[in-house]
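One structure is given here, and the rest of the page talks about it.
Numbering (the working numbering), first residue to last: 34 to 179.
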């Protein structure tokens, strides 16, 4: 089995974080993939939320209004009720492509890994981006998926 990189792990953790916070599954999957993309962008921009907002606003292809309140817990923009990252709306189909089409049977194992971790996470960590990152993501990001 190939080594699972951090991107699908982040997507799955964020999906299960959103589910535990009460989002429906389709929206949780969209949030999961959007969060993974956001973190990849953050890494490139040296973890600057302000720079991230500026980049998102620049990437809009037309004059649209992004809602920064709908997914405030995740610090994600929303357009028409869906997460908006890197100039486009993210959907449950994008999540499924990354987790299941790309990783095949391993996709189920990635989700099982994420679900098991999130079950034990206190609600205040789920609602706080910094706590989630430091206390949930950092300790588990290099866990092997078997």
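Just so you know, even glycine gets a beta-carbon here, dropped at the ideal spot from N, CA and C.
All values derive from a computational prediction rather than experimental measurement.
| Item | Value |
| --- | --- |
| I'd like to confirm the pairing. Which residues does DSSP put opposite residue 118 in its beta bridges? | 121 |
| Would DSSP call residue 101 helix, strand or coil? | strand |
| How long is the line joining the alpha carbons of residue 60 and residue 52, rounded to whole angstroms? | 9 angstroms |
| Which residues in the same chain have their Cβ closer than 8 angstroms to the Cβ of residue 41, if we skip the five residues on either side of it in sequence? | 69, 131, 132, 135, 136, 140, 143 |
| State the CB to CB distance for the pair residue 128 and residue 62, rounded to an integer number of angstroms; the pair is presumed to be in contact (CB under 8 angstroms). | 4 angstroms |
| In terms of alpha-carbon separation, which member of 112, 176, 108, 47 lies closest to residue 99? | 112 |
| What residues match up with residue 109 in a beta bridge as DSSP calls it? | 104 |
| Do residue 175 and residue 39 have their C-beta atoms closer together than 9 angstroms? | yes |
| Going along the chain, which residues of its own chain have a beta-carbon closer than 6 angstroms to the beta-carbon of residue 150, five neighbours each way excluded? | 173 |
| Quick one: what's got a C-beta closer than 8 angstroms to residue 56's C-beta in the same chain, skipping five residues either side? | 64 |
| Taking residue 148 as the reference, give the member of 37, 156, 45 with the closest Cα. | 45 |
| Nearest CA to the CA of residue 106: which residue from 124, 97, 50, 126? | 50 |
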